[in-house]
Amino acid sequence: MRWLQTKLLATAVAWAFAIAEPVDETTASPVEAATRPPGCSLPDLFAQRLSTQAEVYNPGSAQFDQFSERWSNLETPIVAITVLPATENDVVEIVRVANYCNIPFLAYNGVHGAITTLGRMDSGIAINLRKLSGVAIANNGQTATIAGGTNSKVVIDMLWEAGKQTVTGTCECVSYMGPALGGGHGWLQGHYGLIADQFVSMNIVLADGTLRTINANSDLWWAMKGAGHNFGIVTSATVKIYPRVHTNWAIETLMFTGDKVKALYQAANDYLLQNGTQPVDIINWSYWFNLPQVDPNGPVIEFYIIQEGVSVVDPAYTEPFRALGPVSVTPNNGTYRDVSRWVGISLDGPPCQKTGKANPRFPIYLPAYNATAQQELYALFASATNASSPFANSLFMFEGYSMQGVEAVNSASAAYAFRDDHLLMAPLIQYTPAGPARDQEAAQLGNQLRQILHSGSDRSQMHTYVNYAYGNESPKEWYGHEQWRQARLKALKKKYDRQGRFSFYAPAA
Ligand SMILES: Cc1cc2nc3c(=O)[nH]c(=O)nc-3n(C[C@H](O)[C@H](O)[C@H](O)COP(=O)(O)OP(=O)(O)OC[C@H]3O[C@@H](n4cnc5c(N)ncnc54)[C@H](O)[C@@H]3O)c2cc1C
């Protein structure tokens, strides 16, 4: 540990807590940084308890700044000290120290979490998991054990080398585990289900600082597949992996101007979604963003049709869209590892950079497009993100993955609640932070846009994706509206985290 070289423990601090009675879970809130017990110096405690490879950084150091940086600068957690555990046991000790000292803590992984509830962590410990990285294939190539801080791209590449694949997030810079804990969408979900559907077992440090290995026999298992942020720090997960089936993938990128919006999304319903029967080898995404050199009057629509196992996307899927008169058509082909780059979310892509901007999203799940609502949506998005707006760099995302693998899993088997929805849509209102009034304006716009989509559906209840959530949604909108889901989550929360130590990311209760 770097600072240990200069700082040796002078006092024999009360080590009782490591071996003593369990903390009384019914008292003392973790976020009330009230009285600290005697000997509660975090640097001293970490020096005594952590492995020599762990790293600890205080405010004022370049590393503290580097490891505190987040992808979105809106309602960010306030960090008092950053710790990089090097072993699973380090995570145990950090949680125990935090509990003993009554200091809040939060796992930092790919740092793409942007929900505003994260801002409730005040003067806490950032547990940066980046040193817990690795993928070990086992069980005759049927499973891989992925360390809790491993990045998505590392998982993809290491499995690829071995001729294997599994479901991961599509964006190369998010962690493997962050998306998984909220369900987790990925290119291969049409075959195998969500990322969380691949879990076989996991090692998790619970709120009381105990390390457990859990699997389908644990009552917590259900919750970890969709509401996992609420229950512990996952130090590793063993997951199903599969033989690589196709090496070739193709994409057709069609760019449209806004006057085509209604016809375009009607065609998406008719030729791709097909009443929830989109073929397993087809994925359709689109983005809206300003590109004045193509259309100075409003955002362009970049429409992607991705197909697996071919070198040219089948014209049966592309022709109806070509017929609508796109500004440009760009076919491309390569391997599975190219797909993220084609849609702009590879490691060097703009969404992977930390630019200091605020990046709130306002997600909604829907079964299909309402072409009329899409037109209304476009009009508002265009006027609110024009060149003179502080939100001119915003992006609207429409994600239409294939769903067969997701729908094949019994919905009751996981906390993830929205398996019947075929589309995930979200405006990403990007802006330079400029105080509460700007934040308010962005929130108003994001919510208004989402409301257009919601009103255009025939639903009274809104379904949202917890991993894209803004933070103003209700637990029912994150974790399902069924009463039994809410009751089950609350009961588990009471059993495993009565004090709400894991309550900064979309708290379930
Ligand atoms: C550009 C971009 C692309 C995205 N692409 C996808 C995608 O393809 N599929 C998808 O499903 N989602 C995607 N997301 C959403 C993504 O799932 C969330 O942003 C997620 O929170 C990112 O996790 P992270 O580890 O990168 O971020 P972090 O901010 O580090 O983590 C978010 C939260 O997850 C929890 N957490 C993370 N790791 C652990 C752990 N090991 N144990 C316990 N808790 C942990 C913590 O509560 C933490 O606050 C994307 C987001 C962005 C910004």
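According to mature numbering (1 follows the signal peptide of the UniProt record, and there is no 0), the residues represented by the sequence shown are -20 to -1, 1 to 489, in order.
Here a beta-carbon is modelled for each residue, glycine too, at the ideal position from N, C-alpha and C.
Within the chosen limit of 7 Å, ligand 1 reaches the beta carbon of Ser155 through at least one heavy atom. Taking the CA atoms as reference points, Thr218 sits about 29 Å from Gln287.
For Glu453, there is no enclosing alpha helix (DSSP H), as DSSP marks it with neither H nor E.
Beta-bridge pairing by DSSP links Arg192 to Ile184.
When Met204, Phe269, Ile281, Tyr476 are compared, the shortest CA-CA separation from Ser393 is found for Met204.
At least 8 Å separates the beta-carbon of Val446 from that of Gly173.
For Lys337, the three-state secondary structure derived from DSSP is coil.
Distance from the C-beta of Asn195 to the nearest heavy atom of ligand 1 is not below 7 Å. Checking the 7 Å criterion, the Cβ of Ile74 is out of range of every heavy atom belonging to ligand 1.
The continuous stretches of beta strand (DSSP E) do not include Gly460, and DSSP gives it neither H nor E. Cα atoms of Asn339 and Asn108: separation of roughly 21 Å, rounded to the nearest angstrom.
As the crow flies, the alpha-carbon of Gly158 is around 16 Å from that of Ile325. Taking the Cα positions, Phe484 is about 16 Å away from Val214. In the DSSP assignment, Ile107 falls within the unbroken beta strand (DSSP E) covering 104 to 108.
In the three-state reduction of the DSSP assignment, Tyr316 falls in the helix class. In the same chain as Ala87, and ignoring 5 residues on each side of it, the C-beta atoms closer than 7 Å to its own belong to Ile107, Leu109, Ile213, in chain order. Taking 8 Å as the cut-off, the beta carbon of Tyr267 is found closer than this to the beta carbon of Glu282. Going by beta carbons, Asn183 and Ser216 fall inside the 8 Å limit. In this structure, Leu304 sits away from Lys242, with a CB-CB distance that is not shorter than 8 Å.
When the Cα atoms are used, Ala486 and Pro455 turn out to be separated by approximately 7 Å.
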